[in-house]
Each structure stands twice: as structure tokens, then as C-alpha cells.
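*Asks:* Chain order of the listed sequences is W, Y and U. Under the numbering used here, think of the first position of the first sequence as 458, with each following residue one higher. Under the numbering used here, think of the first position of the second sequence as 905, with each following residue one higher. Under the numbering used here, think of the first position of the third sequence as 9, with each following residue one higher. We put the CB at the ideal spot given by N, CA and C, even for glycine.
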Amino acid sequence: MKQYILRRVGYSLLSLFLLSLTIFLFVRVTGDPVALLTEPGASQEDIEAMHRQFGLDQPLWVQYWHFIASFITGDFGQSFYYRTPVLDLYFQRLPNSLILAAVAMALSLVIGIPSGILAAVRVDGFWDSAGKLFALLGLSLPQFWVGLVLILVFSVSLGWLPSSGSGSFLHILMPAFTLGWYFAAAHMRLTRSSMLEVMGSEYVKLARLKGLPEALVIGKHALKNALIPVITLAGINLVVMINVAVIVETVFAWPGIGRLLYEGVTFRDFPVVQAVVVIGGSMIILVNLLIDILYALIDPRIRLES
Amino acid sequence: MAGQTLLSLEHLSAHYVSQQGTRVVRAVDDVTISLGAGETLGIVGESGSGKTTLALTMMRLLPPAARIVAGRMMFEGEDLLKKSDEEMRKVRGKRIAMLLQDPMASLNPLFSIGNQVAEPIRVHEGAAPRTAWQRAIQLLKSVRIASPDTRVSQFPHEMSGGMRQRIVGAIGISCEPRLLIADEPTTSLDLTIQAQYLNLLRDLQREHGLALIFITHNLGIVAKMCDQLAVMYAGRVVEQGPVSRIFNAPTHPYTKALLGSIPRMTDGGERLTAIDGQPPDLSNLPAGCAFAPRCPAVTTRCRVEAPPEFVTEPGRSARCWLAEPMALRSSAA
Amino acid sequence: MTVITPPEAAIVTVASAPRPAAFWRLKGFPLIPILILVFIALVAIFADVLAPYDPTIGSLARRFRPPFWQEGGSTAYLLGTDHVGRDVLSRLIYGARVSMVVGITAVLVAGGIGTLLGILSGYLGGWADQVVMRLTDTWLALPALTFAIFLAAIVGPSELNIILILGLVYWTRYARVIRGEVLSLKQREFVRLAIVAGCSSRTIMWRHILPNVINSAVVLATLMLGVVIVTEASLSFLGVGVPPPKPAWGLMMADGKKGLLVGYWWLTVFPGVCIMLMVLSANLLGDWLRVKLDPQLRQL
């Protein structure tokens, strides 16, 4: 098993390398790094100072080295707009995104898993069709669309919920639902197909042959096995949620990472954009690694394999 | 037949119906079999002959696409087909138990051995968890698993194939059923282990007064273990009776071919008899006898009219026109 | 679990399976989604003829007119006007063109790159395969929208740039699937024969492999269409999509949001309905195609 973990870590390091390389190359080669990385309205001397600082006259791999080095030391530059180090900004906003993601994830599991189970147990029944519709809409409708419709109904027409900002439980309901719907659909689909697969397995057949009540067959034998892939996906999705919340946070003016990204783009604050993308991508790669390792530690089958 | 009749299937038929209702697969067709207490029956046939479907029919655990369309299943004097789902559930595992073919796949990888063996005891007899756990250890001992106290807390993937097979057997006998159905019990085992396992089953049978049904395509097992034999082809029983009588003088050409295709040391290097042709498509059976296209002794009548079962001696019958001249007055009704 | 029917009700055999009926009468054929997509395409093509006004020109005197059935509206501006007085209906019609053009082109670009790299990596194996695989893994880790926003921030928005960006973001999904197909194709008889017969790699890839993966590529393209359109609309909504004054439905919704709280609902609802119809239709079509044409892709 140690081999497995080492190999997985190696892969992740490679992925991180490729990620940083991609971002670096896109900025330096496709874009105009000077324009991006200097404030609008900088003087000629500032521009020249930038040139030197980023070593734009030096070979690419030297530049890349500086690039990586600064990130590892936590220097993501300074935000033009806020005039504070980007990393500080990032960690200021991160808790808000975490809260939103946590609530959205809870919603997606509470809705997704039971409906997936129901859909599998009553295949082609009413719940299965209802579930399929719910999933189709959740996976198709753009988040900004859902958000705006919710605002239209609950804020404008009914006046029940606030349309923006944060601070109370009421504020989090609509954004969490909007963010969570897509994932509820994904979790529902996976639960359903996983349950169907498990319900066709030999050990479920044997459980029935043993004369166990159906509730026990489904609730004990089928469920535990079926939920393994779902929980795995949910773990990864939590981190993904944090990073894809840009639309939801923009629509509802929720002060998280996503909104930070939006501000970065709108105000041409490139260091912010770059930081969000680098940190976001790295986060996802790392969480994938963590989950794989966790799996190897927990699953009794893999543990004893080597 | 020794003892009273434990199980009596009478003209049992189970069909699979396609969603639009247009294709019907006659998986089990007009099957009449009986078995006495403590006896061993072997059900033999090729893949697709309906043997496993028959077993699942007996347990009333067919997939939703299948229906039992005719017949009676008498078990200890009751018609199982007349029972409600809940009543049937109480029969399964407690009075009739079944062992599936692949022991690795039959055991849930996430639960301990003890948990899975004790489960039917807790459900059917309402035993407390600790009592059931102790019973489980006893059961593991009776199926000859070494160090049962440690094994009972372990997981399926930590066992060898032979051990898993025996664990599945332990699950089967856990509630002292009267009938145990074993579906291809030795197919996944090494040859050396097969004999051990079969001996174990025979010992268990004697200790517990079990009736056994072996579903197999291996005539060697039938010869060794079974008193009675039923040969299935295309969902129908084509010959049945005492094993020794049938082995000595088979009536049905299919049975003859099966027996002739076993390589024997005494053959003197003769070529094996293979059976020409392919097994039939059960959704598109020809009119007449299902074996007719492959039968070396086929007549015109065979192609046109399907033969009923003819009783040729008490306790022995064959579904073949060749048996007609030998038939006793009363047919196997 | 088993249903017991008395012998009289036992079903009698009917000889053969039903003949495949006309294509459009196959069960579940998504007639309505296809009609919707065709309709949108036609609107996009004939926008110049259909739209009553120039979508980019407005007059401040005529701003915020409601749809014609509401008080204050008129049949001159059927669906109302926006915050700078432009006709909503015309903008919707030209927006269809933007969505269609960007969506289809981006899917083609992504499909082209992805299929090419998928074939190369699957067939050639070795380091080419490793490089492509690692790259796709990494790029797939980054959420598509985030990646697209990042690229848009670098190169600046324009219609062409958006198409290229979407192509860059989504080719990885193609490459993965196509590579899998190629791997299994490599084992098939006719490919092995070609290798033994001494055909060059290039010939094999072009004449034997490519025609066989086109099927999956098409199914994937239809599935991707919905996703790409949503991303494009999202980019427009955030202001980094197709730049104004060109009308894009996402952009219209972003503009409309400002007016939502004061009751100018039509600026949000109508483009929203259009997006919804287009995406749902594309997804339903893609789902149906996936199930019908390629059992392998059912895993997706």
C-alpha cells in the first residue's frame, strides 16, 4: 500500500506542475504579461521596473522558476483594487465560500441520496420519473438562471427572502439551493445507478434468499455498498463547489472566493484572478489525492492487498 | 422413495415475458418432480436448460420479468404458490435454503463473516445478537473451518475460496432447513477441495436430516452424491428417476448422449460422443419435441408433436416417444 | 416479487420481435427538442429578416417599455425594451445567432482537437499518450468555468476568442472518451490486419480508426452542446463573454438583473426562457442519442 500512496503522490505533484506550467505559459506567452500584471495607469518607470522584476528578458524557465517560487512562499502579489496582498484577501473571503459550500452540500445530499435510493428501488415508478426530471433540470439550467428566477419569485414577488448579501440564515437559503441543485442532481444520479448495480449483485440475491425482510436487504446490504462511490464524489464535490460558486456568489452578492474572482475580472485586477485559479486548481488536485489515500486506508480490501 | 414426500412440483411453468409482451421465454415448462425427506436429487442440464430458473422458482425469487404461469409447488403439504410474499419470506432461509454458485460474490464484502452467518438466525428466530454470534461460531465449526473464533470476525476477502464456499454452506444450514438447494456448488472450487466439500455436504445432510438438491452439469457429482436424477432440456424435464437405473439404462436420447460424452478410462481411446447442434433458443422453440433437431433417433412424429412424460417404471419417467411402448397405464400426473 | 397468474391468463408466444418502426416513432424520440433546436437555428439564420429592429441601437426615450400585453407596452415593441431602449425581441433573435454560432463552432473546435489528440494518444501510446493523459487529468481538475474566466481575463473577450477559449476548455472531455475507444479498436481484427499488412500509422489512423470513432464524437458533440451553451451564457452573464453591443442571452440577463428589483421582469424572463429551451433541448437530444447509438457512452 505504501507503493500505492507514493505513486499517487507522484501523480499529484506532476499534476500540480502541469497546472502551474499551464497558467504560467498562458499568461506569459498568450497574454501581455506586462499589461496584466501592472496596474492600469502605471508610469513608464513602473513598467520598466516590472520588466526587470519579472525578468521578462530572461529565458522562460527562469521566469517559471520565479513564478513557482513566489507562490510557494505565499506571495501572490498585490491586488490593484484593494491594495492589499492577494493572499490576505483570499483567506478573508474563504470562510464565506466554505459556509456556502457546506450548506449547499448538505442540501444536495439530503435531497440527492434519498431520492436516488427511491428512484432505484421503484425503477420506472413515479419517483424515478420525478427524480429524472429534477436531475435533468439541475444539470441543464445555468446557475445564474436559477438564481435569478428564485430572486424573482421569492424576493420580488413574495418578498420572503433577501436577494443579496450575507448575514442570516435567510440570506443563505437561495444561494445554497442554487449552488446545490446541480450537485443534488449529480448525487442523485450516482446514487440511483450505484444502487441499481448493487441491487443486482449476488450478495443482495443471497440476502433475499436468506429470507431477510426487504428493508434489511436494501437498508443494510445494498445501501452501504452503494454509498461508497457517492460519498467519494461528495468529498471531491465539496471542494469543487467552493471553486465553481462564482456565478452564485455574483448573482446573490455573496462575499466569497467566487465573488472575488468576479471582481478581479471586472476591475482588471489580474493578480487576484491568477491567484484564485492557481489556488483553486491546486485545492482540487490535493483533495483528489487525499480522498484516494483515505480510501486506501479505510477500504478493507485495498488495505490488505499489498 | 424413502420417507414421506417433502417437495412435490406439479406441472410447474415459469416464463419470462418481454416488456411489450411479444417475446416469451419458456424457461421452466411443465416440470413435475418430487423429492422425499432426506433424499438427494440431482438436476442436470446444459447452460440455459432452465435448472437455475427452476431453483429460483422454487424460492419464488424470480426477476420481475418472469412469471410463474402454471402448476403447484407442494412443500411439506403446503402449496408455496399460494403463500403471500411475507409468508414466503419466512420460508426462505428457514425451511428451504439455497446456496449460490459464486461464494466470493455471494458474501457482502463490507460485513464480517459472523455478521452474515448470524443474520438469518437473528431474523428468523429472533435470537439476541450475542446468542446468534455464538451460534455462528458453532456453525463455522460444523462446516470444518479452523479457528472459528478468530475467523468469525474476519471479512470475506480474507478467506480462501474453499472457506468461502463452506461459509455459504454454514449460512444455508444456519436455521436448520428441511431442504437445501445447491446451485453448481463446486464449479468455482479446485478439484482437491471439491471432494472435501461434497463430503461435508453429505455429512451435514446425515446430521441434520436434510434433503438436498444439486443443480449441476457435472454427472460425476450426480453419480457420487445423488439418489434421484432429473435431466432438463429446454426448460423441460426429459428424464427422471433413480440415479443407478438411469445411468445403467438411459431412455431419452439426450441422457444417452450426456452419459456417452463423459470421457472414461475404459473407453480405450474411442472418440467422445459430442451432441450435434446448438442448444435451442427458448423464445423460439420448434413445434414438437425440443430435442428433435439434435436427436439421433428422431422420427417424424417427434418433429410434429411434443411427447408427454411417460412413466416407464414406478418412480421413473421419460419425455420421449421412444418411451411410449414401455409406458405404464397411468401417466406421470 | 413473482406474479402468479392462473393458467388461462398465461401468455401465448408471438413469433418474432417487432420490426424497427420508422426512425421517428422509436420510443422516446425527442421530437420536441429537435424541433426547438431547428427552430432556433432557423431564427438564427434568418435573423436579419425576422428581427423588426437593429438590436444594437436604442433610444433612451423608449427605455423600459414593458411587453405589449402590459400597461404601457405597445405592439411596436412586442416584448418590451431594455435599459437603453433597445427592442428585446430583436435582441433575442440576434442572440439566437450568437448562441448558435458560438455554441456550434466551439463544439467543433473542441471536438476537432479532442478527437485528434484522442486518436494520437490512444493509437500511438508511449510518451505521447502519457503527456496527453496527464494534461487532460490536470485540465479536467480545473472547473471549466473558472478556466474559461481565467483565459478570458488574459486574452480579452471577443467572439472569436470566446470560441477558442471554449474549445480549449472542453477538448479534454473528447480526448478522454475517444482515446478509450481507440484503445479498444486497436484490438480489433481489422486494425491488426492493417498493421500486419504494413500500413503506415498515419494511414491506419486516418482510414481505419477515424471513421469508427466519428460515431462517438458526434454523440459527444451533442452532449457537449448544452454544456458549452451554458458556459457561454455564464461568461456573458459575468461580462466576459461576447462583448456588447452584440446581444447575447446571458448578457441580457445580467443587464436585466439590475431592473429585477424594480419590476422590469421581462428583461430577465425572456432571455431566460430562451436559454432554458435551448439547453434542455440540447441535453435531451444528447441523452437520447447516447442511449440509442452508443452503449459504451452510457457510462458518461
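#1: Should Arg1068/Y and Pro1007/Y be called a contact, given that it needs their Cβ atoms to be closer than 8 angstroms?
#2: Below 7 angstroms on C-beta distance, what does Thr723/W contact in chain U?
#3: Would you say Ser106/U and Met232/U are within 8 angstroms of each other, going by their C-beta atoms?
#4: Please name the residues in the stretch 996-1013 of chain Y whose beta-carbon is closer than 7 angstroms to at least one beta-carbon of chain W, in chain order.
#5: From Gln924/Y to Ala969/Y, what distance separates their C-alpha atoms?
#6: Which complete beta strand (DSSP E) runs does the stretch 1069-1117 of chain Y hold, if anything under 3 residues is left out?
#7: For Phe1214/Y, write down the residues that DSSP places opposite it in a beta bridge.
#8: Beta-carbon of His1156/Y versus every beta-carbon of chain W: anything under 8 angstroms?
#9: Measure from the alpha carbon of Phe591/W to the alpha carbon of each residue in Ser565/W, Ser612/W and Ser614/W, then state which is nearest.
#10: Spatial neighbours of Leu557/W within its chain, please: CB distance less than 7 angstroms, with the 5 preceding and 5 following residues excluded, ordered by chain position.
#11: Applying the criterion that 16 or more other CB atoms from any shown protein chain within 10 Å of the CB defines a buried residue, is Lys266/U buried or exposed?
#12: I'd like the list of long-range same chain contacts for Gly604/W, defined as Cβ closer than 8 angstroms, with 5 residues on each side in sequence excluded.
#13: Can at least three beta-carbon pairs, one atom from the stretch 70-77 of chain U and one from the stretch 121-134 of chain U, be found at a separation below 8 angstroms?
#14: Candidates Ile1077/Y, Pro1081/Y and Val973/Y: which alpha carbon is nearest Leu916/Y's?
#15: Could you tell me whether the stretch 221-230 of chain U touches the stretch 156-176 of chain U, where touching means 3 or more Cβ pairs closer than 8 angstroms?
#16: In terms of DSSP beta bridges, what is Asp137/U paired with?
#17: So the candidates are Gly1139/Y, His1121/Y, Glu1080/Y and Lys1128/Y; which of them puts its Cα closest to the Cα of Glu1111/Y?
#18: Between Ile742/W and Leu476/W, which are expected to be in contact by the criterion C-beta below 8 angstroms, what is the C-beta distance as a whole number of angstroms?
#19: From the beta carbon of Asn169/U, is the nearest beta carbon of chain W less than 8 angstroms away?
#20: Please state the DSSP three-state secondary structure of Tyr442/W.
#21: Could you check if Ala563/W is buried or exposed, using at least 16 other CB atoms within 10 Å of its CB as the buried criterion?
#22: Are the stretch 1121-1138 of chain Y and the stretch 1086-1105 of chain Y touching, with three or more C-beta to C-beta distances below 8 angstroms?
#23: Using the Cα positions of Thr1216/Y and Val1142/Y, report the straight-line distance between them to the nearest angstrom.
#24: To test your reading of the DSSP string, which unbroken alpha helix (DSSP H) runs of 4 or more residues are found completely within the stretch 684-742 of chain W?
#25: Any beta carbon of chain W sitting closer than 8 angstroms to that of Trp350/U?
#26: Please state whether DSSP places Ile972/Y in a helix, a strand or coil.
#27: Residue range of the alpha helix (DSSP H) that Tyr1158/Y falls in?
#28: Span of the beta strand (DSSP E) holding Asp947/Y?
#29: Look up Ala931/Y in the DSSP assignment and say whether it is helix, strand or coil.
#30: Between Trp1225/Y and the rest of its own chain, which residues show a CB-CB distance below 7 angstroms, the 5 nearest in sequence each way excluded?
#31: Looking at C-beta atoms only, is the number of pairs between the stretch 996-1016 of chain Y and the stretch 660-667 of chain W that lie closer than 8 angstroms three or more?
#32: Along chain Y, which residues have their Cβ under 9 angstroms away from the Cβ of Asn682/W?
#33: From what residue to what residue does the alpha helix (DSSP H) around Glu240/U run?
#34: Quick one: list the residues of chain W neighbouring Pro151/U, beta-carbon separation under 7 angstroms, in chain order.
#35: Taking CB distances under 8 angstroms as the criterion, tell me whether Ile48/U reaches chain W.
#36: With 16 other CB atoms within 10 Å as the buried threshold, where does Pro26/U fall?
*Replies:* Let me spell this out:
#1: The residue you call residue 1068/Y lines up with position 164 of the second sequence. The residue you call residue 1007/Y lines up with position 103 of the second sequence. Closer than 8 angstroms, so yes.
#2: Numbered from its first residue, the first sequence carries residue 723/W at position 266. When 7 angstroms is used as the limit between beta carbons, Thr723/W is near these residues of chain U: Gly247, in chain order.
#3: Locating residue 106/U in the third sequence gives position 98, counting from the first residue. Locating residue 232/U in the third sequence gives position 224, counting from the first residue. One detail in the question is off: residue 106/U reads as Val in this sequence, not Ser. Their beta carbons are not under 8 angstroms apart, which means Val106/U does not touch Met232/U by this criterion.
#4: Arg996, Gly997, Lys998, Met1002, Leu1004, Asp1006, Ala1009, Ser1010, Leu1011, Asn1012 and Pro1013
#5: Reading the second sequence from its first residue, position 20 is the one you call residue 924/Y. Reading the second sequence from its first residue, position 65 is the one you call residue 969/Y. Straight-line Cα distance between these residues: approximately 11 angstroms.
#6: 1083-1087
#7: If you number the second sequence from 1, residue 1214/Y lands on position 310. In DSSP, Phe1214/Y forms a bridge with Ala1222/Y.
#8: Here residue 1156/Y is taken as the residue at index 252 of the second sequence, counted from 1. Chain W, which has no Cβ nearer than 8 angstroms to the Cβ of His1156/Y, makes this no.
#9: As a position in the first sequence, residue 591/W is number 134, starting the count at 1. Comparing Cα positions, the closest option is Ser565/W.
#10: What you label residue 557/W is simply residue 100 of the first sequence in a count that begins at 1. Around Leu557/W: Ile629, Pro632, Ala633, Leu636, Ala702, Trp711 and Gly713.
#11: Indexing the third sequence from 1 puts residue 266/U at position 258. Classification of Lys266/U: exposed, given that the 10 Å Cβ count is below 16.
#12: The residue given as residue 604/W occupies position 147 in the first sequence. So the qualifying residues of the chain are Met631, Pro632, Thr635, Ile704, Val705, Val708 and Phe709.
#13: no
#14: One-based indexing of the second sequence puts residue 916/Y at position 12. Selected option, being the one with the closest Cα: Val973/Y.
#15: no
#16: Working through the third sequence from its first residue, we reach residue 137/U at position 129. Asp137/U pairs with nothing; no bridge assigned.
#17: By 1-based counting over the second sequence, the position of residue 1111/Y is 207. Nearest C-alpha to Glu1111/Y: Glu1080/Y.
#18: Taking the first sequence and counting its residues from 1, the one referred to as residue 742/W is at position 285. Taking the first sequence and counting its residues from 1, the one referred to as residue 476/W is at position 19. Yes, Ile742/W and Leu476/W are in contact; Cβ-Cβ is about 7 angstroms, under 8 angstroms.
#19: For this step, residue 169/U is matched to residue 161 along the third sequence. With 8 angstroms as the cut-off, Asn169/U does not count as an interface residue toward chain W.
#20: Outside the modelled stretch of chain W, which goes from 458 to 763, sits residue 442/W, for which no answer is possible.
#21: For the purposes of this step, residue 563/W is taken as the residue at position 106 of the first sequence. Flag for Ala563/W reads exposed.
#22: yes
#23: Here residue 1216/Y corresponds to residue number 312 of the second sequence, with the count starting at 1. Here residue 1142/Y corresponds to residue number 238 of the second sequence, with the count starting at 1. Between Thr1216/Y and Val1142/Y, the C-alpha separation is close to 13 angstroms.
#24: 703-708 and 714-723
#25: It is not possible to answer for residue 350/U, since the shown part of chain U is limited to 9 through 308.
#26: Here residue 972/Y refers to the residue found at position 68 when the second sequence is read from its first residue. Three-state result, Ile972/Y: strand.
#27: If you number the second sequence from 1, residue 1158/Y lands on position 254. Looking at the DSSP string, the run of the alpha helix (DSSP H) that includes Tyr1158/Y is Pro1157 to Gly1164.
#28: Here residue 947/Y refers to the residue found at position 43 when the second sequence is read from its first residue. The sequence given here places Ile at residue 947/Y; Asp does not occur at that position. Start and end: Thr944 to Val948.
#29: By one-based count along the second sequence, residue 931/Y stands at place 27. DSSP places Ala931/Y in strand when its eight states are reduced to three.
#30: Reading the second sequence from its first residue, position 321 is the one you call residue 1225/Y. Thr1203, Arg1205, Cys1206 and Pro1211.
#31: yes
#32: The sequence position of residue 682/W within the first sequence is 225, counting from 1. Within 9 angstroms Cβ-Cβ: Asn1012, Pro1013 and Leu1014.
#33: Numbered from 1 along the third sequence, position 232 holds the residue referred to as residue 240/U. Glu240/U -> alpha helix (DSSP H) spans Leu218 to Leu246.
#34: As a first step, residue 151/U is located in the third sequence; it is residue number 143 there, counting from the start. Think of a sphere of 7 angstroms around the beta carbon of Pro151/U: the chain W residues whose beta carbon falls inside it are Val697, Asn700 and Val701, in chain order.
#35: For the purposes of this step, residue 48/U is taken as the residue at position 40 of the third sequence. So no, Ile48/U is outside the interface.
#36: Residue mapping note: residue 26/U aligns to position 18 of the third sequence, counting from 1. Because Pro26/U sits at a pLDDT of 38, beneath the cut-off of 50, its placement in the model cannot be relied upon, and the point is left open.
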